[in-house]
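*Asks:*
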Amino acid sequence: MVKQVGVDTEMVKVYIVTDNASNIVAALEQPPLSRLFARDVPTILRGEKPWIHLRCFDHTLQLAIGDAREEVGTHTVIEKVANIVKRYSYSNIARQNLEKHQKETNTVQHEIIRHVCTRWNSEYAMLERFLEQRIPITLELTEAGKDVLSAQQWKLCEGYVEILKPIAQFTAEMGSSTKPTFSMMIPVLSEIKNCLEEFLRKASNRGSGISFARALLNKIILRFPDSDYADSKMHQTATILDPRFKALLFSEDVDAHGLLLVEAKRKYREYIRRGKLSLPAPAGANASQDDTAPKPAKQSKWSFLKKVSAKQSEGPDEIESILQKEVQTYLELGTIDVEHDPALWWKTNRDTFPHLTPLAAEYLGIGATEVQSERDFSIGSNAVTPKRSCLLQDHVRQTVFLHRNLMIPDIKYKK
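Pasting the structure below:
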């Protein structure tokens, strides 16, 4: 499958991010030892995979929310709010009366948001907007003789919104297709857990969703067994290579210097093996030569072998010294603001860290979610309409590619 799209898995590391569906996980994850020799299992399920499978971070979070909701039984309040919201979608009279009360109470005239079960954070968006329109909704329901929410139910809604707010914010940020997200998994999980623990510590939050917050925290720990990723060198290395975080969240047991040094050596050997021997040189290395400099000798038919020999003649001690100094310099630098773009930081400092920059490009390029794939599928469904159902598969792929990558200049015409 991977080779069909022209990816050489021996030269390039492949990461596949999917949801948590059991059939997808069974097909893409590395098989356990018990399955390797099971003859009754299809070959595709027991063969070694030339890729690394990752589960979508956002989808796993949403599953944890669903698990907590089922355990606590929050459906009563949420279903009541959803039914009230549905009424404004179907009844023009109710919607007009709501708009009238919005004007009378000087409330922002926003549309009520409906809950869509297949849309992430839909419940949070519905409850947040419902609380914003609390006064006009209460007035309209009372005037129409409909059942309104009790004081306890309103307090529960406020608690749910406060609990789900950080998750909704991070879900949107983790679905970005322009910024690194894989390196954010450890910091985001840490931030969410701290928010829930702080909510549980506040005595004023009693009666406003304490049981839901406690259940959600337990379900997140259950869905992310290694939430600190203490056993995952891949996640740790990605976080350390992000200049926003580095080793801030790790204990003293995590050897950040050793992790980066091992990976830098691996990347260096990979460059030699692939023939990319001339890594980006430090600033000032490409000094201009005058016209009197001798011309380069004619290329030998054994030029590649001579380059490899020259590289190896530098000695492992010299290479390790260079890499150690580069790793130490990077770790001693302070972190950047969390709102800054780490990819831009590495682009700016690639001459200072010529050996770490390719390593950062590898790890920061891994996606933490499948959101971009969902967006591409939406683009494809918009391209293949009932009137364009005869499009060839290659043409659909080209249309989606052009939609995502074609830069159309902003041309302003004179009037």
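The opening residue of the sequence shown carries number 1 in UniProt numbering; numbering runs sequentially from there. Using N, Cα and C, we set each Cβ at its ideal position, and we do this for glycine too.
Relative to the C-alpha of Thr239, which candidate in Glu99, Leu259, Val72, Gln372 has its C-alpha closest?
*Replies:* Translated into the one-based positions of the sequence shown, residue 239 becomes position 239. Checking every option, the nearest Cα to that of Thr239 belongs to Leu259.
*Asks:* Would you tell me roughly how many angstroms separate the C-alpha atoms of Lys325 and Thr171, rounded to the nearest one?
*Replies:* Working through the sequence shown from its first residue, we reach residue 325 at position 325. Working through the sequence shown from its first residue, we reach residue 171 at position 171. Rounded to whole angstroms, Lys325 to Thr171 spans 37 angstroms at the Cα level.
*Asks:* For Gly380 and Tyr229, I'd like the C-alpha separation in whole angstroms.
*Replies:* Here residue 380 refers to the residue found at position 380 of the sequence shown. Here residue 229 refers to the residue found at position 229 of the sequence shown. C-alpha separation (whole angstroms): 36 angstroms.
*Asks:* According to DSSP, simplified to helix, strand and coil, what is His235?
*Replies:* Within the sequence shown, the letter at position 235 stands for residue 235. In the structure shown, His235 sits in a helix (DSSP, three-state: H, G or I).
*Asks:* Taking the alpha-carbon positions, what's the Asp40 to Lys233 distance?
*Replies:* On the sequence shown, residue 40 is found 40 positions in, with the first residue counted as 1. On the sequence shown, residue 233 is found 233 positions in, with the first residue counted as 1. Each residue's Cα considered, the two are about 34 angstroms apart.
*Asks:* Does DSSP classify His59 as helix, strand or coil?
*Replies:* As a position in the sequence shown, residue 59 is number 59, starting the count at 1. Under the three-state reduction of DSSP, His59 is assigned to helix.
*Asks:* Between Cys195 and the ligand FMN, is the CB less than 8 angstroms from at least one heavy atom?
*Replies:* Among the components of this structure there are no ligands whatsoever, and the ligand FMN is therefore not found.
*Asks:* Among the residues of its own chain, which have a CB less than 7 angstroms from the CB of residue 416, if the five just before and after it don't count?
*Replies:* No answer is possible for residue 416: the residues shown for the chain start at 1 and end at 415.
*Asks:* Using the beta-carbon count (16 or more within 10 Å), is Arg273 buried or exposed?
*Replies:* Taking the first residue of the sequence shown as 1, we reach residue 273 at position 273. Arg273 should be labelled exposed.
*Asks:* What does the alpha-carbon distance come out to for the pair Glu374 and Gly66?
*Replies:* Residue 374 sits at position 374 when you count from the first residue of the sequence shown. Residue 66 sits at position 66 when you count from the first residue of the sequence shown. If you take the alpha carbons of Glu374 and Gly66, they lie about 20 angstroms apart.
*Asks:* Under a three-way DSSP split, which group does Ile113 fall into?
*Replies:* As a first step, residue 113 must be located in the sequence shown, where it is residue number 113. Judged by DSSP in its simplified three-state form, Ile113 adopts coil rather than helix or strand.
*Asks:* Reducing DSSP to helix, strand and coil, say where Pro280 ends up.
*Replies:* By 1-based counting over the sequence shown, the position of residue 280 is 280. With a pLDDT of only 44 at Pro280, under the threshold of 50, the placement of this residue in the model should not be trusted; the figure read from the coordinates follows. If DSSP states are grouped into helix, strand and coil, Pro280 belongs with coil.
*Asks:* Quick check on the burial criterion: 16 or more other C-beta atoms within 10 angstroms. Buried or exposed for Lys146?
*Replies:* Counting from one through the sequence shown, the residue named residue 146 turns up at place 146. With fewer than 16 Cβ atoms within 10 Å of its Cβ, Lys146 is classed as exposed.
*Asks:* From the DSSP output, in three-state form, read off Thr138 for me.
*Replies:* Taking the sequence shown and counting its residues from 1, the one referred to as residue 138 is at position 138. Helix, per DSSP.
*Asks:* Scan the segment 41-105 and note each continuous alpha helix (DSSP H) run of 4 residues or more that stays entirely inside, going in chain order.
*Replies:* 43-46, 57-72, 75-90, 92-104
*Asks:* Among the residues of its own chain, which have a CB less than 7 angstroms from the CB of Arg95, if the five just before and after it don't count?
*Replies:* What you label residue 95 is simply residue 95 of the sequence shown in a count that begins at 1. Cβ within range, chain order: Tyr88.
*Asks:* Closest by CA to Arg350, which one among Leu241, Lys49, Gly73?
*Replies:* The sequence position of residue 350 within the sequence shown is 350, counting from 1. For Arg350, the nearest C-alpha among the options comes from Leu241.
*Asks:* Can at least three beta-carbon pairs, one atom from the segment 357-374 and one from the segment 48-58, be found at a separation below 8 angstroms?
*Replies:* yes
*Asks:* Look at the alpha carbon of Leu216 and the alpha carbon of Arg223, and state the distance between them as a whole number of angstroms.
*Replies:* On the sequence shown, position 216 is the one that residue 216 refers to. On the sequence shown, position 223 is the one that residue 223 refers to. Looking at the two C-alpha atoms, the distance is approximately 10 angstroms.
*Asks:* Please state if the CB of Lys267 and the CB of Lys395 are separated by a distance shorter than 9 angstroms.
*Replies:* In the sequence shown, counting from the first residue as 1, residue 395 sits at position 395. In the sequence shown, counting from the first residue as 1, residue 267 sits at position 267. Looking at the sequence provided, one finds His at residue 395 rather than Lys. At a Cβ-Cβ threshold of 9 angstroms, His395 and Lys267 do not count as neighbours.
*Asks:* Pull up the DSSP beta-bridge partners for residue 432, would you.
*Replies:* Nothing can be reported for residue 432, as the shown portion of the chain is limited to 1 through 415.
*Asks:* Trp120 to Gln62, Cα distance in whole Å?
*Replies:* The residue given as residue 120 occupies position 120 in the sequence shown. The residue given as residue 62 occupies position 62 in the sequence shown. Straight-line Cα distance between these residues: approximately 7 angstroms.
*Asks:* What does the alpha-carbon distance come out to for the pair Arg134 and Ala151?
*Replies:* As a working note, residue 134 is residue 134 in the sequence shown. As a working note, residue 151 is residue 151 in the sequence shown. Roughly 12 angstroms between the two C-alpha positions.
*Asks:* As a quick exercise: from Asn106, Leu333, Cys195, Glu29, pick the residue whose alpha carbon is nearest that of Arg244.
*Replies:* Locating residue 244 in the sequence shown gives position 244, counting from the first residue. For Arg244, the nearest C-alpha among the options comes from Leu333.
*Asks:* Shortest alpha-carbon distance to Ser183 belongs to which of Val161, Lys246, Ala383?
*Replies:* Taking the sequence shown and counting its residues from 1, the one referred to as residue 183 is at position 183. Ser183 has its Cα closest to that of Lys246, out of Val161, Lys246, Ala383.
*Asks:* Are the CB atoms of Arg114 and Val85 within a distance shorter than 9 angstroms?
*Replies:* One-based indexing of the sequence shown puts residue 85 at position 85. One-based indexing of the sequence shown puts residue 114 at position 114. Note that the C-beta distance between Val85 and Arg114 is below 9 angstroms.
*Asks:* Helix, strand or coil: how does DSSP classify Ile336 here?
*Replies:* On the sequence shown, residue 336 is found 336 positions in, with the first residue counted as 1. In the structure shown, Ile336 sits in coil (DSSP, three-state: anything other than H, G, I, E or B).
*Asks:* Measuring CB to CB, does Leu261 end up less than 9 angstroms from Glu320?
*Replies:* Locating residue 261 in the sequence shown gives position 261, counting from the first residue. Locating residue 320 in the sequence shown gives position 320, counting from the first residue. Yes.
*Asks:* Take Pro32 as the anchor and find which of Val25, Thr138, Arg46 has the nearest alpha-carbon.
*Replies:* Position 32 of the sequence shown holds residue 32. With distances taken between Cα atoms, Pro32 lies closest to Arg46.
*Asks:* From Pro282 to Thr357, what distance separates their C-alpha atoms?
*Replies:* Stepping through the sequence shown from its first residue, residue 282 is reached at position 282. Stepping through the sequence shown from its first residue, residue 357 is reached at position 357. Note that Pro282 has pLDDT 45, beneath the 50 cutoff, so the model's placement of it is unreliable and no number is given.
*Asks:* Out of curiosity, what's the CA-to-CA distance linking Ser204 and Ile167?
*Replies:* Here the question's residue 204 lines up with position 204 in the sequence shown. Here the question's residue 167 lines up with position 167 in the sequence shown. The alpha-carbon atoms of Ser204 and Ile167 are separated by roughly 21 angstroms.
*Asks:* Under a Cβ-count criterion, where at least 16 other Cβ atoms within 10 Å of its own Cβ denotes burial, should Val400 be classed as buried or exposed?
*Replies:* As a first step, residue 400 is located in the sequence shown; it is residue number 400 there, counting from the start. Val400 comes out buried.
*Asks:* Roughly how many angstroms lie between the CA atoms of Asp231 and Glu158, to the nearest whole one?
*Replies:* The residue labelled residue 231 in the question sits at position 231 within the sequence shown. The residue labelled residue 158 in the question sits at position 158 within the sequence shown. The alpha-carbon atoms of Asp231 and Glu158 are separated by roughly 37 angstroms.
*Asks:* Using DSSP bridges, identify the partner residues of Val17.
*Replies:* Counting from 1 along the sequence shown, the entry for residue 17 is found at position 17. BP columns for Val17 point to Leu54.
*Asks:* Where does Leu220 land, buried or exposed, given buried means 16+ other C-beta within 10 angstroms?
*Replies:* Taking the first residue of the sequence shown as position 1, residue 220 is located at position 220. Note on identity: in this sequence residue 220 is Ile, with Leu being the wrong assignment. By the 10 Å Cβ count, Ile220 comes out buried.
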